[in-house]
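Written below as structure tokens is the structure these notes are about.
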Ligand code: NAD
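Residue numbers (our numbering): 1327 to 2058.
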């Protein structure tokens, strides 16, 4: 089986078609590189061939590199993995460079053959780095296509020459969003930005590329960076014109990542150092920094969680083996913030939605949310007016429970009150068919209890969304004690339809995500109450890679929720309630009316327009700062261990059954320091013996909430790692 085939037409253009057998999208492997190299060499050596077009036999061009080959190169190199990686990467560069040089004499730059890329659709990662090595890039006018370099989002950076070529092609400033943020563009936007050269109607794609190849003059195929007079667009970073942009880019990266993520920093180094030297040396520098990032355990952990395991969960790794349970009709009860968002994403996925609230007006207001959201998409050119109309026509806003007849799945998102939830469950039940599944979007109420109101508890389940629904990628699916397999399969198939990443957990107080995030928020407030400077608390969290410090996160979700949870927990636990210090902080803030961002005042101060200005100056008076401050690492460890140990307890208690779900869910659900790959990956990085010992220390200094769970101490004794253990037991 071959990934690439070549056919030379009567006009003398060799068309190389990439079409990996048995996959819906092309991915690059080492074998693929070798095949491509051999075909290009053959075409260049063949006098009958005037030039080459590289295209794809699929709807898209390519999804990127097969990330497993990175692990392969590292493992194959035995005790010198860095050398294995560097040489492997340099091998790929050599193939791409041979394409770029296309047989020309390196001194005179004469004698090469033109090579064009023709992209029928999506081109990501190496799928764009390969075209960047050709002499001209054509893309079909395919609105579904996404073009870009998303590597930075899985903890690496474009290491197939994309960093060096794009910086030289566009200049540092213009390349920054594509390299540093992984921005993906539709073809027309990609052309405007200079990523690709031409956009043509799909049927013209090959003819246009061939015509260019046949008409190309020798000058057209020499890259600017191979000419003696090459100048960095916008100025090289060490020239007066360019250095300000580099200072800016550097500051932006430092501000956003607080030094916690290795890849963006390495990328900037590759660009800066590469700009000082000729192209071939720059590529070696890029390969060295790429190797540096690949050798950092963070990159393997991020690739595993954010790419391999995330995809496995999306494809149904934990789905019961049952026939297709896709949802054609969905009922949503409660058209408030969450219900309206759920209706919107479902309608966009092509599902017919009945959106129900107490009055027709309230239901219509919920539909109005989708109207406003889609209007924005149309204004930004991301959706056609026809598609908007068709999507909105799928949502029926009503106050009539009879409209729920014939739905496959109901999700209730009414007030967080067991009485109200039981009432709507019973009302809906009267109209539902025997195969329907009923789900609750509750964030705190146990599913097993709510199922009591439904006469088929096997068909009752939790589907917990995160706010804002459109943006948050995770859904937490909760099995109640009596939940059956069909309900789980239906929930998973629905998650797949709306393109969310699902985790399946067992029923327990606060499920998984909220269970771990609440201790993080509480620890932030404890630190404050102890007199630790609020800036130290917030920065310690950010420098550990948390997207928001605990105090900022509290402001975002509003202290109201915290107060409600505290009240409920206190009622449930009675005398054993351990969070008095936390309550005191919440109460002190509530007394001052500082309930968070929505209230315009919280731990931070806000302008009249709602912009966050900085930590509230009155904090120092409300919670006096102690003379002696703890070490940064101590604060960081308290904030990280408090979440991480809770994740271990969730695993120990069987709430979590798969550490992949624990890792992926933590990053997507509450932003757990993504560079770590998630709580279980982080513990593996620390090593369980160190982690258990450190938790003991924290417990001695700060209280029993840090005591290591038996699962962790047991693993520490045997020197086991979570992912190592899971692999051996076959659960990945
Ligand atoms: P919300 O107050 O914005 O919306 C609730 C909606 O339910 C309102 O429109 C209300 O009119 C409607 N409603 C109340 N009683 C009803 C009844 N008897 N019949 C029909 N409709 C009724 O609340 P929300 O923030 O959207 O939360 C809804 C649910 O989702 C809660 O269970 C909440 O815990 C959960 N949740 C919320 C978040 C969040 O961040 N807000 C996140 C995850 C889960």
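No residue lacks a Cβ here, since even glycine has one placed at the ideal position from N, Cα and C.
Model, not experiment: these values are computed from the prediction.
- Residue state for residue 1955 is assigned as coil, using DSSP reduced to three classes.
- Distances from the CA of residue 1898 to each of 1864, 1772 and 1940 were compared; the closest alpha carbon is that of 1772.
- Straight through space, the alpha carbons of residue 1871 and residue 1584 are spaced by roughly 7 Å.
- Pairing residue 1439 with residue 1370 gives a Cβ-Cβ distance under 7 Å.
- Taking each of 1457, 1714, 1447 and 1392 in turn and checking the Cα distance to residue 1424, the smallest one comes out for 1457.
- Look at the beta carbons and you see the segment 1732-1747 touching the segment 1758-1772: at least three pairs across the two are nearer than 8 Å.
- With a threshold of 16 other beta carbon atoms within 10 Å, residue 1848 meets it and is buried.
- In this structure, the CA atom of residue 1861 is about 14 Å from the CA atom of residue 1954.
- With fewer than 16 other CB atoms across the displayed protein chains lying within 10 angstroms of its CB, residue 1573 is exposed.
- Residue 1959 and residue 1916 do not touch by the CB rule: their CB atoms are close to 32 Å apart, not below 8 Å.
- Taking all protein chains in view, the Cβ of residue 1540 is surrounded by fewer than 16 other Cβ atoms within 10 Å, so the residue is classified as exposed.
- In terms of CA proximity to residue 1841, 1790 leads the group 1790, 1645, 1808 and 1689.
- For residue 2009, the number of other beta carbons within 10 angstroms of its own is at least 16, and it is reported as buried.
- The DSSP-derived three-state label of residue 1377 is strand.
- Distance from the C-beta of residue 1767 to the nearest heavy atom of the ligand NAD is below 6 Å.
- Burial is judged here by how many other beta carbons sit within 10 angstroms of a residue's own beta carbon; residue 1462 has at least 16 and is buried.
- About 12 Å separates the Cβ atoms of residue 1626 and residue 1588, ruling out a contact at the 8 Å cut-off.
- Non-local beta-carbon contacts of residue 1346 in its own chain, meaning distances under 6 Å to residues more than five positions away in sequence, involve 1329 and 1352 in chain order.
- Unbroken beta strand (DSSP E) runs of no fewer than 3 residues, entirely contained in the segment 1369-1422, are found at 1377-1382, following chain order.
- Straight through space, the alpha carbons of residue 1379 and residue 1537 are spaced by roughly 10 Å.
- Contact annotation: residue 1681 and residue 1693 have beta-carbon atoms nearer than 7 Å.
- Contact annotation, residue 1647 with residue 1986: C-beta distance approximately 19 Å; criterion of less than 8 Å not satisfied.
- The beta carbon of residue 1684 sits closer than 6 Å to at least one heavy atom of the ligand NAD.
- Take the alpha-carbon of residue 1473 and the one of residue 1885: they are about 41 Å apart.
- Fewer than three pairs of CB atoms, one per stretch, sit closer than 8 Å, so the segment 1656-1664 makes no contact with the segment 1701-1709.
- Sequence-distant Cβ neighbours of residue 1803 in its own chain, meaning closer than 8 Å and more than five residues away, are 1787, 1788, 1789, 1790, 1814, 1817, 1818, 1821, 1828, 1829, 1830 and 1831.
- Per the coordinates, the alpha-carbon of residue 1779 lies some 11 Å from the alpha-carbon of residue 1746.
- In terms of side-chain proximity, the C-beta atom of residue 1660 is found nearer than 6 Å to a non-hydrogen atom of the ligand NAD.
- Membership of residue 1818 in the alpha helix (DSSP H) is indicated by the continuous run 1811-1823.
- For residue 1766, the beta-bridge partners assigned by DSSP are 1738 and 1788.
- For the segment 1823-1868, the full-length alpha helix (DSSP H) segments reaching 4 residues or more read 1839-1855 along the chain.
- Using a Cβ distance threshold of 7 Å, residue 1974 and residue 2038 count as a contacting pair.
- The closest heavy atom of the ligand NAD lies 6 Å or more from the beta carbon of residue 1925.
- In this structure, the C-beta of residue 1688 approaches the ligand NAD to less than 6 Å from one of its heavy atoms.
- Set against 6 Å, the gap from the CB of residue 1884 to the closest heavy atom of the ligand NAD is not smaller.
- Its Cα nearest to that of residue 2033, the residue 2019 stands out among 2044, 2019 and 1977.
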